[in-house]
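Reading through the structure tokens given below for one structure.
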Amino acid sequence: MTASWSYDAIADVYATDMGRSMAFDDVGWYRAFCAGQGGAALELGCGTGRILLELLAAGIDAVGADRSLPMLRRLRRDAAARGLDARVLQMDLRAPALAGRFATILLPYSLITYLTDPAAAAAVLAGLRDLLADDGCIVLDAFVPQPVQSFADFRLDYRRPHEDGFLERRKRITANADGTNRIERWYRVLDANDALREEFHTDETIRPYAPAQLQALAQQAGYVVQREVRDYSDAPPSAAMRFVTLILRP
């Protein structure tokens, strides 16, 4: 699909916005995993390259795909500034359009939650088997759902330094009856004196998947769950864990 969507709007603030919202070293974990796995890696939903550029910098043979052209343009620009050769393509993960076989296919940073129809999510996972090399694996992760309450006002998420000024983000959430959440975000880009430079809104709907639901999706798609990782570490299961990563093999 080539239609614009929410992430098109945030390409130039993504590093400050979503990139600084991860509390764990997921990038280091992905890098170590791909290096240990060997062979080529494919990152779906690569965005502006938060993960992909670090894989390339580590000498990993990695390719990225994303739905958003503005995000990919920013990735290419940042890669060139670092002297990295980034191979990327625009692609909707619901309709993979690339050839090749990969030792590792990453669906990182809760990408699966944007597939709000569980049957469609399972179908996407099943289709990725055609892109796996012998002994290849899928790396699937998602945040652990927490109770969500709707609120009608835009509430401040953060105010962060951004370039030579600041970035503010507010959001409101609607918890839908079908288990999905509508998240509306309002961004304000400010200069050093708090004068408004730019503002824009995004609007997206996601479906949180609990760890057991992720496992069910994987099994429905014909995979075996080889391993479960919590918070990108060797941490044991706990009520406090925030992310779960599944290593899937056909």
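Numbering that gives the first Met the number 0 puts the sequence shown at residues 0 to 249. Every residue gets a Cβ at the ideal spot worked out from N, C-alpha and C, and that includes glycine.
Per DSSP, cross-strand counterpart(s) of residue i
i      : result
Leu186 : Leu is not the amino acid found at residue 186; the sequence shown has Tyr there. Answer is Arg168 and Phe199, bridged to Tyr186.
Leu86  : In the sequence on display, residue 86 carries Arg and not Leu. The partner list for Arg86 (beta bridge, DSSP) reads Val62.
Asp233 : Arg229
Pro160 : Phe165
Phe242 : Phe142
Leu155 : Arg169
Ile205 : Asn180
Ala174 : Asn180
Leu247 : Ile137 and Val224
Option in the options with minimal Cα separation from residue i
i      : options                           : result
Phe32  : Cys136, Arg128 and Asp129         : Cys136
Thr201 : Leu195, Tyr208 and Arg181         : Arg181
Ala220 : Val138, Pro146, Leu105 and Val123 : Val123
Ile59  : Pro210, Arg86 and Pro249          : Arg86
Ile205 : Glu183, Glu197 and Leu54          : Glu183
Gly46  : Ala94, Ile9, Ala120 and Arg248    : Ile9
Val188 : Pro249, Leu71, Thr103 and Phe165  : Phe165
Thr173 : Asp156, Ser149 and Asp190         : Ser149
Pro95  : Thr112, Arg81 and Leu130          : Leu130
Asp193 : Ala102, Arg159 and Arg72          : Arg159
Leu106 : Ala234, Leu213, Gly99 and Gln145  : Leu213
Thr103 : Arg128, Phe142 and Val228         : Arg128
Pro249 : Leu88, Gly126, Asp65 and Arg49    : Gly126
Gly82  : Leu216, Ala39 and Ala57           : Ala57
Arg229 : Val243, Gln218 and Leu110         : Val243
Val143 : Leu110, Leu97 and Ala64           : Leu110
Asp84  : Gly48, Leu68 and Trp28            : Gly48
Ala98  : Ala64, Phe199, Leu71 and Trp28    : Ala64
Val147 : Met21, Ala132 and Asn175          : Asn175
Pro236 : Gln218, Tyr222, Leu216 and Ala211 : Ala211
Glu197 : Arg241, Ala217, Met21 and His161  : His161
Ser232 : Ser5, Trp28 and Ala22             : Trp28
Asp25  : Tyr208, Val138 and Met70          : Val138
Gly38  : Ser5, Val223, Ala151 and Asp134   : Asp134
Contacting residues, own chain, Cβ-Cβ under 6 Å from residue i (five flanking each side not counted)
i      : result
Arg226 : Ile246
Val62  : Leu41 and Arg86
Met0   : With a pLDDT of only 31 at Met0, under 50, the local geometry of the prediction cannot be trusted, and the value read off the model is given with reservation. Same-chain partners within the cutoff: Asp91.
Thr179 : Thr115, Thr204 and Arg206
Asp11  : none
Arg66  : Asp91
Trp185 : Phe153, Arg169 and His200
Gln36  : Ala102 and Thr103
Chain B contact for residue i (CB, 8 Å cutoff)
i      : result
Met240 : Annotation note: the requested chain B is absent from the structure, which comprises a single protein chain.
Cβ neighbours of residue i in the same chain (closer than 8 Å, five flanking residues each side left out)
i      : result
Arg154 : Arg169, Lys170 and Arg171
Asp163 : Asp190 and Ala191
Val224 : Gln214, Ala217, Gln218, Leu245, Ile246 and Leu247
Residues near residue i in its chain [Cβ-Cβ closer than 7 Å; skip 5 each side]
i      : result
Leu195 : Arg187 and Leu189
Asp156 : Arg168, Arg169 and Lys170
Ala121 : Leu216, Gln219 and Ala220
Practice task
Decide if the region 70 to 80 is in contact with the region 16 to 24; the criterion is three or more beta carbon pairs, one per stretch, under 8 Å apart.
Solution key: For the pair of segments examined, the region 70 to 80 was found not to touch the region 16 to 24: the number of CB pairs separated by less than 8 Å stays below three.
Practice task
With a floor of 4 residues, list each alpha helix (DSSP H) that falls wholly inside the region 124 to 149, ordered by position along the chain.
Solution key: For the alpha helix (DSSP H) assignment, the region 124 to 149 encloses no uninterrupted run of at least 4 residues.
Problem - Every unbroken alpha helix (DSSP H) inside the region 13 to 84 [4 residues or more] - result: Runs found: 25 to 36, 51 to 56 and 68 to 80.
Handout entry: Length at least 4, wholly inside the region 92 to 128: the alpha helix (DSSP H) runs in chain order
Key = Listed in chain order, the complete alpha helix (DSSP H) runs (minimum 4 residues) inside the region 92 to 128 are 117 to 126.
Practice task
Would you check if there are 3 or more beta carbon pairs closer than 8 Å linking the region 109 to 121 to the region 50 to 58?
Solution key: The region 109 to 121, when compared against the region 50 to 58, does not touch it at the 8 Å Cβ threshold.
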